[in-house]
Structure formats: structure tokens, C-alpha cells
Amino acid sequence: MAIPLTSGNQERLALLFVPSELEAATALLLQDCGDNITEHVKLLERVRFAVLKASGGTLDGLVDAIALAQTDWRDALVGAGFADDPEQHTLWWPGDEAS
Numbered sequence: 309m310a311i312p313l314t315s316g317n318q319e320r321l322a323l324l325f326v327p328s329e330l331e332a333a334t335a336l337l338l339q340d341c342g343d344n345i346t347e348h349v350k351l352l353e354r355v356r357f358a359v360l361k362a363s364g365g366t367l368d369g370l371v372d373a374i375a376l377a378q379t380d381w382r383d384a385l386v387g388a389g390f391a392d393d394p395e396q397h398t399l400w401w402p403g404d405e406a407s
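Have a look at this one:
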């Protein structure tokens with residue numbers, strides 16, 4: 309069973325992806341970026357935020373970011389700037405390049 313998306317994941321998905329791609333982006337996160345990466349729910353939320361940030365709001369970008377997380381989720385966190393603080397991801401919003 310897939311680990312559900314958090315409300316934070318869902319909010320950022322809706323801001324990043326156009327409505328016509330939202331369902332596909334959601335499916336990618338649920339199917340390819342889930343318990344195959346970690347079963348720890350809080351860590352998975354951070355990884356999902358990281359791949360969303362790295363995606364740039366494109367499906368191709370999301371696929372690439374998820375592939376990186378599948379190889380080593382720590383690289384995804386570093387790339388997004390979420391590695392040093394376990395709560396940093398909660399401050400990031402699409403379009404806010406300062407966080």
C-alpha cells in the first residue's frame with residue numbers, strides 16, 4: 309500500500325504543476341517515491357518535498373528527481389537544500405527561491 313501524500317506535499321504539487329499534469333505528478337510521487345525509498349513517514353515527506361523542488365514543475369524534472377532519490381535519497385535532500393535541518397523543507401514554497 310502506498311504511503312499517502314501529506315497535506316504539505318499536496319499543496320506544493322498543486323502550486324507546481326498545471327492541472328492537466330497534476331494527476332500524473334501525484335501518481336509518480338505515490339508509486340515511485342514511496343516505501344521503495346523509505347518507510348519512515350517524516351523522512352519520506354522531506355524526500356518528496358526535495359523531488360518536488362528539484363522538478364521545477366515539470367513531469368520530466370520530477371521523473372529525474374525521483375530517479376536520483378531512488379539511487380540515494382540523501383543526494384536529493386542535499387540538492388534541494390534540505391539536508392542540514394529536518395524541518396527546512398516545511399519553509400519551502402514553489403516560487404520562493406529564498407528557501
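Going by the numbering used here, the first residue of the sequence shown is number 309, and it counts up by one from there.
Every residue, glycine too, gets a C-beta built ideally from N, C-alpha and C.
Remember, predicted model here, so these are calculated numbers, not experimental data.
1) In the DSSP assignment, find the unbroken alpha helix (DSSP H) run with W359 in it and report its ends.
2) What span of residues does the alpha helix (DSSP H) with D383 cover, start to end?
3) How far does the alpha helix (DSSP H) with T314 in it reach, from first residue to last?
4) From the DSSP output, in three-state form, read off A333 for me.
5) Taking the C-alpha atoms as reference points, what is the distance between V386 and A310?
6) Could you compute how far the alpha carbon of A391 sits from the alpha carbon of L370?
Taking the coordinates as given:
1) A small correction: the amino acid at residue 359 is Val; Trp does not occupy that position in the sequence shown. The continuous alpha helix (DSSP H) containing V359 extends over residues V349 to S363.
2) Per DSSP, D383 belongs to the alpha helix (DSSP H) from W381 to A388.
3) Careful: T314 lies outside any alpha helix (DSSP H) and carries neither H nor E.
4) Here A333 sits in helix by DSSP.
5) If I take the Cα positions, the gap works out to 25 Å.
6) Distance between the alpha carbons of A391 and L370: 19 Å.
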